[in-house]
Amino acid sequence: MGGVSYIEVADLSVAYPDPSAANRHLLAIDRLSLSIPKGAFISIVGPNGCGKTTLLLCLAGILKPTSGNVRIAGVAPGKTTCGYVFQNYRESLYPWLTVLDNIALPLWLDGFARAKARQAATELMATLNIELPVDRFPYTLSGGQQQLAALLRAVIHKPAVLLLDEPLGSLDVPSRADLCDAVQRIWQAIGATTVLVTHDLDEAIQVADTVVAFTPRPARVADTVEVPLPRPRSRDILHDPQVVVWRDRVHRAMTGGRDS
Amino acid sequence: MTRDRALLALILLAFWSALAYSGSVSPLFLPEPHAVVVSFWRGLVSGSILRDIAATMARVLTGFLLGGAVGVTGGIFLGYWKRLHNASIPFLDFLRSVPVTAILPLFLLAFGIGDTAKIAAIAWASALMMLINTVLGVASVPPTRLMVAATLRASSYQRLVHVILPDALPQIFIGIRTAISFAVVVAVVSEMLLSTTSGIGASIYNSSVMYRTEDVYVGIILTGAIGYLLNLATARLDARIVHWRAR
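In order, the protein sequence lines correspond to chains A and B.
According to this note's numbering, the stretch in the first sequence is residues 263 to 522, in order.
According to this note's numbering, the stretch in the second sequence is residues 31 to 277, in order.
Below you can see the structure in the form of structure tokens.
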């Protein structure tokens, strides 16, 4: 990955208490080092439970590493702004707020007046040319619309980093394609350094500049593949012979060389 | 639905009339329907029914509001302080199992026979219901909702006001509905047991010792109607405010 490092992960290890045995620990991440340039879009792929979400929580500053260091623009992650999109949009959106108020929430929490925050949300949607039934409550929307609202909420306060935790994981196929487009458009418009975590190789390659493959738990970097293709990218790029080669390479790295 | 309900009411009334007018049950146990209507009308004209309703409702609402405030505050506190909550679970279950009537003598000793003892008993019962439900609501906020607030660097106060309390609201409303029905029961019982001159419970008690069974029936029907209407009102309020329940 070229460019000046913006997110710097050095020798990061995270251990959780083992639920099956007292006083034992499970190592989720093992001495992971990673460097991400400013404004980049990287995808992290790996098997389920390999520690991808753990890494995102460390980048968001809501989980303390067991050892090692995470720096964003030279400071601790808790001191920078971040936008976080969770896989579970039903839980992550607040059902007592309208869609517009959900999107405006980060600005309220920052001390903006409600009306001002709402206006900013409306403007953001106009800028990105996105339409949503904003006066309704989130639970009345389709899954794709709900996740789109969650995505807008994650960027309205112009965060330094955008963290996407399996955002398409709970969506049906048509909504996935729509949201894939939205993710790329929003990233291009906002310019936030973006980290997408997924176990879907196609999705990882379609949206990112760089795909990082993790080993099974404890997570370490198995391989890094650059994807220097023009944007905007549709699913058609997945038929590109070069992409097929990259895809195989990432797949091999993730599975540790098995069934390649 | 409405027709079925009206039909059921007519059948029950016919059954009551048959028993009462045929003379197969003494009017001392079951007065004739028209006697209850006449008694109700007299009470309405003299103003005694409205006075009783006002006195009982004043106790119910005062006790419920005082107890509710204490219960919600305590519930938030216990919801945060998991260790104290875990330690207190058996005590809460114990207190919940003690009928309020059993501790009425203590309220009588502490506050005398005036309104304070009755209101305190209602407040006690309401506080317990509200506390148990608030703790449940506060302690079961989905982790993702809290993580959203954490990623947005929300302060503890913002987390409480913007996430925890709204998320606990459906459970708090269950508490409100249980507590208000229970408050009516405690109000009527305490009016019967702690001598007083006003309130539906007092009217039921005084009528019963004078063998005016039709007046006892008026009191019973009033109590049921108040409980029914309060439940209806809180259910409407719940559907309006907690629109996301089970969504």
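Built from N, CA and C at the ideal position, the CB exists for glycine as well.
- For Asn350 (chain A), the chain B residues whose Cβ falls inside 9 Å of its Cβ are Pro172, Thr174, in order along the chain.
- A distance of 8 Å or more separates the beta carbons of Gly330 (chain A) and Ala481 (chain A).
- Assigned with DSSP and collapsed to three states, Ala484 (chain A) falls in strand.
- Each of B:Lys112, B:Arg242, B:Arg81 was checked against the Cα of Pro57 (chain B), and the nearest Cα belongs to B:Arg242.
- Residues of chain B with a Cβ closer than 7 Å to the Cβ of Pro357 (chain A) are, in chain order, Trp274, Arg277.
- Under the rule that a run must span 4 or more residues, the alpha helix (DSSP H) segments found entirely inside the region 277-339 of chain A read 314-322.
- Contact of Leu371 (chain A) with chain B by beta-carbon distance below 9 Å involves Ala179, Leu182, Arg183, Ala184, Ser185, Gln188, His192.
- Taking the CA atoms as reference points, Ile194 (chain B) sits about 15 Å from Leu182 (chain B).
- Segment contact: the region 411-421 of chain A against the region 339-352 of chain A, three or more CB-CB distances shorter than 8 Å; contact assigned.
- Distances from the CA of Ala290 (chain A) to each of A:Thr477, A:Gly518, A:Met516, A:Val507 were compared; the closest alpha carbon is that of A:Thr477.
- Ala277 (chain A) and Asp145 (chain B) have their C-alpha atoms roughly 60 Å apart.
- Here Tyr268 (chain A) carries a strand assignment [DSSP, helix/strand/coil].
- DSSP lists A:Val483 as the bridge partner or partners of Phe476 (chain A).
- At a cut-off of 4 residues, the continuous stretches assigned as alpha helix (DSSP H) that sit fully inside the region 182-226 of chain B are 186-189, 195-223.
- With fewer than 16 other beta carbons inside 10 angstroms of its own, Val507 (chain A) counts as exposed.
- Residue contact check for Glu465 (chain A) against chain B: no CB pair falls below 8 Å.
- From the beta-carbon of Pro368 (chain A), the residues of chain B found nearer than 8 Å are Leu182.
- When 8 Å is used as the limit between beta carbons, Glu428 (chain A) is near no residue of chain B, the shortest such separation being about 12 Å.
- Per DSSP, reduced to three states, the secondary structure at Thr342 (chain A) is coil, with no helix or strand assignment.
- Around the Cβ of Gln504 (chain A), a 10 Å sphere holds fewer than 16 other Cβ atoms; the residue is exposed.
- Against Ile269 (chain A), chain B offers no close residue; the least beta-carbon distance is about 15 Å (beta-carbon pairs closer than 8 Å).
- Against chain B, the CB of Ile324 (chain A) has a partner CB under 8 Å away; the residue lies at that interface.
- Rounded to whole angstroms, the Cβ separation of Val489 (chain A) and Ala470 (chain A) is 6 Å, and the two are in contact under 8 Å.
- Under the Cβ criterion (8 Å, minimum of three pairs), the region 264-274 of chain B does not count as touching the region 214-229 of chain B.
- Taking the beta carbon of Phe399 (chain A) as reference, the chain B residues within 9 Å of it are His273, Trp274, Arg277, listed in sequence order.
- Put simply, the backbone Cα of Ala379 (chain A) is about 45 Å away from that of Thr517 (chain A).
- Cβ atoms of Gly93 (chain B) and Ala153 (chain B) come within 8 Å of each other, at about 4 Å.
- With contacts defined as CB atoms closer than 8 Å, Leu199 (chain B) and Val272 (chain B) qualify as a contacting pair.
- In the structure shown, Asp434 (chain A) falls within a coil segment according to DSSP collapsed to helix, strand and coil.
- Under the three-state reduction of DSSP, Leu274 (chain A) is assigned to strand.
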